[in-house]
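Notes to accompany the following structure.
2 protein chains.
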Amino acid sequence: MPVTLREVAERAGVSIRTVSNVVNDFHQVAPATRARVQRAVDELGYRPNTAARNLRSGRSGLIALVLPELDVPYFAELTRAVIEQAAAAGYTVVVDQTDGDPVRERELVMRGSRAAMFDGMIFNPLALGDGDLRDRPSSTPVVLLGERVVHGGLDHIMIDNVGAAELATRHLIDLGRRRIAAIGDQIDETRQTGRLRTLGYRAALRSASRKVIKELIRPTEFFHRADGAAAMADLLALPEPPDAVFCYNDLLALGALRTILGRGLRVPEDIALVGFDDIEDGRYSTPSLTTISPNKNEIAKNAVQLLLNRLDGDSSVPAEISAEYTLEIRESTLGRPM
Amino acid sequence: MPVTLREVAERAGVSIRTVSNVVNDFHQVAPATRARVQRAVDELGYRPNTAARNLRSGRSGLIALVLPELDVPYFAELTRAVIEQAAAAGYTVVVDQTDGDPVRERELVMRGSRAAMFDGMIFNPLALGDGDLRDRPSSTPVVLLGERVVHGGLDHIMIDNVGAAELATRHLIDLGRRRIAAIGDQIDETRQTGRLRTLGYRAALRSASRKVIKELIRPTEFFHRADGAAAMADLLALPEPPDAVFCYNDLLALGALRTILGRGLRVPEDIALVGFDDIEDGRYSTPSLTTISPNKNEIAKNAVQLLLNRLDGDSSVPAEISAEYTLEIRESTLGRPM
DNA sequence: CTGAAAGCGCTTACAG
DNA sequence: CTGAAAGCGCTTACAG
């Protein structure tokens, strides 16, 4: 049976108020009283009841992190950082996975059916768009991660997908590649990431006066290794295969890499590869992966901080922060140091 | 402002008891009453207060998953499965990361300082041993994952590390390899995984009447790619390098692979590799990784089920379940299909 | 510096 | 089938 404040109070011969003060380090308690209470706490093994505290305080100390998949390395790495940041502020993180399913995304972000359990939410949508988030019934603060799905309604940490994709593609152009393909375009209206990165890819080609060749832009359903492997196989089956590929994330690139090497072709000599996300896998593949590296720790830090501000009652205009990124040039475009 | 049961009751002209019955689908409410109440609920946008429910019911609906690192693929994949299983039973999972630090592990599993927030815990220790878990002050049910750290005290899902390591090593012996190395032994007294897998490695060599060569057993501090890469470099610097390596997890193997290929050597022609965990990375590496594949979904399912049983008051003798595993033979020992 | 008491929002025996 | 009321364990004005 759990020990209550009252039992501690009885044992120490004080009121529960005083025990509460000791436990919470409040209101200078007289040293002698404190010692007596502390002893009772220790002897009884008292631990405060979270539910009661939450009911009184109106806060749960819980924040929800809603993202597509925990076992996608980018999200695993991001989650780790979010948990650490939140813990530093005394918050506990609950992770919910949507699989990028619009129905599940809506359900989770609306929390219509479920109880009001979280003080706030960090949400990385894949499918949800502008309208979907407008009429949330809940007033729980939300920080958005990823594409600009909602224009101005909520705090938002975004990546300049167009700019980053342009940078990646330009790198391939600068290397003298002539037929640069792209893997990861998304036809599905609800998915933004793929379309934005395609915009950047096209922009880079255009500003280098290169033609955009439609058959070199391969859409994929997901951003998994298997999608990259299959798309690359399609590209290799073309009459004129590409000599470079910009993959819209590292998993796609790793899948593509597997296909290329499986055909006995060399990277980057025959085909250069660039990915996106800078996950650890890509640093240890052979060849290692050139990639766009978003600053995940910064993203996590900003996300948690924005949320904490709202929880502290900040009611200023929603923030829109662009996360930093760099191009990490590695062997998949540069070649092996000999 | 959140809407309360009382406000709904007033609007519907009933008592809060009736609203509660409707919301929780209890005690056949008269259809007319139900409709009236439901309308009030909808109009007001009522959502039950979790803290109050928890206080009344004595349960939080939360279970803690305490593991070393979320961004280690094996744990990310396991976590995904645990979250899914728990969700199916109406529970929400909170993930805590220990980094394998004994101090943090003890702190989290004891929950001495923190409030009693969780109904149960699934705990994958790296460092904690037998004695550490004996005198937990809390009576929260715990299911252990991994090595047999506590003898018989708690529900436990283990992997037969010795047997699996033996199987992996025997596979290399059967391939005719003469100098079989091992990466991942652990000198630290508190770490069990490495030592157990070394036992299996030794047993396989012994039963094939092979000598155990000490310098071919490389300890590592962690089980990360960087550790595998460094250990492999050491092995290659030996006067007589190995022609096969059993790595105690896939990350070590992927790190070793990078080192081997970086030297211009071939896998498996020059050096065959076996890993452990069957993470997705290893299926897409070139060559793909032969590995011990524990059934992660089964582990997650059993862990959650055991915990749910305890939460339902099951007080039978602690269970000890050995998780299934298989040897997945892939290119890193078999070679490329031509 | 400390006590007595209200009340957070809910569930649930107890009546009727 | 429904109401009035107790109480889960805590925090916190209100007194003194």
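Those sequence lines, one after another, are chains A and B. Here this note's numbering is used: the first residue of the first sequence is 1, the next is one more, and so on. Here this note's numbering is used: the first residue of the second sequence is 339, the next is one more, and so on. For glycine and all other residues, C-beta sits at the position ideal for the given N, C-alpha and C.
By the neighbour-count criterion, in which a residue is buried when 16 or more other Cβ atoms sit within 10 angstroms of its Cβ, B:ILE617 is buried.
Per DSSP, the continuous beta strand (DSSP E) segment holding A:ARG218 begins and ends at 217-219. Judged by DSSP secondary structure, B:ALA542 falls within the alpha helix (DSSP H) whose first and last residues are 531-545. Residues of the segment 117-135 of chain A with a C-beta atom less than 7 Å from some C-beta of chain B are MET117, listed in chain order. Contact note: A:SER60 reaches chain B through THR388, ALA389, using a C-beta cutoff of 8 Å and chain order. In terms of Cα proximity to B:GLU445, the closest of B:ARG516, B:PHE461, B:ARG535 is B:PHE461.
Here DSSP, grouped into helix, strand and coil, assigns B:GLU578 to coil.
At a cut-off of 8 Å between C-beta atoms, B:GLU381 does not count as an interface residue with respect to chain A.
Contact between B:LEU483 and B:ILE637 holds: CB atoms are separated by about 7 Å, below the 8 Å threshold. Look at B:ASN392: its C-beta is under 8 Å from a C-beta on chain A.
When CB distances to chain B are screened at a threshold of 9 Å, the residues of the segment 82-97 of chain A falling below it are ILE83, GLU84, ALA87, THR92, VAL93, VAL94, VAL95, ASP96, GLN97, in chain order. Less than 8 Å divides the Cβ of A:MET117 from the Cβ of A:SER60.
Residue state for A:ASN49 is assigned as strand, using DSSP reduced to three classes. For A:TYR284, a Cβ of chain B is located within less than 8 Å of the residue's own Cβ. Every alpha helix (DSSP H) of 4 residues or more that sits fully in the segment 339-419 of chain B is shown, in chain order, as 343-350, 354-361, 369-382, 388-395. A Cβ-Cβ distance of about 6 Å is found for the pair A:LEU238 and A:GLU215, placing them in contact under the 8 Å criterion. Taking 4 residues as the shortest admissible run, the segment 112-179 of chain A contains the following complete alpha helix (DSSP H) segments, listed from N- to C-terminal end: 130-134, 161-174.
In the three-state reduction of the DSSP assignment, B:ALA567 falls in the helix class, which pools H, G and I.
Chain-ordered listing is empty here: chain B has no CB closer than 8 Å to the CB of A:GLU105, the nearest sitting near 15 Å.
Rounded to whole angstroms, B:ARG442 and B:ALA419 show a C-alpha spacing of 24 Å. For the C-beta of B:ARG563, the chain A residues within less than 7 Å are, from N- to C-terminus, GLU280, TYR284.
At least one CB atom of chain A sits nearer than 8 Å to the CB of B:GLU415. At a beta-carbon threshold of 8 Å, the residues of chain B lying near A:LEU70 are LEU408, ALA414, THR417, ARG418, ILE421, ordered along the chain. Shown here, A:TYR91 sits in coil according to DSSP, grouped into three states, outside any helix or strand. Its Cα nearest to that of A:GLU84, the residue B:ASP437 stands out among B:ILE421, B:THR430, B:ASP437, B:LEU416. For the pair B:ARG533 and B:ALA657, the Cα-to-Cα distance works out to about 24 Å. Scanning the segment 249-289 of chain A for uninterrupted alpha helix (DSSP H) segments of 4 residues or longer gives 250-262, 281-284, listed from N- to C-terminal end.
Taking CB atoms only, A:GLY255 has a neighbour in chain B less than 8 Å away. Excluding the 5 residues flanking it on each side, B:ALA571 has same chain C-beta neighbours closer than 7 Å at THR597, in chain order.
Interface with chain B (8 Å Cβ-Cβ cutoff): A:ARG47 is included. Interface with chain A (8 Å Cβ-Cβ cutoff): B:GLY600 is included.
When the Cα atoms are used, A:ALA40 and A:ALA323 turn out to be separated by approximately 50 Å. Assigned with DSSP and collapsed to three states, A:GLN186 falls in coil, not helix or strand.
Contact between the segment 40-52 of chain A and the segment 364-378 of chain B is absent: fewer than three C-beta pairs spanning the two stretches fall below 8 Å.
By a beta-carbon distance limit of 8 Å, A:ALA253 contacts A:LEU273. Their separation comes to about 5 Å.
With distances taken between CA atoms, B:PRO579 lies nearest to B:ILE609 out of B:ASN392, B:LEU403, B:ALA567, B:ILE609.
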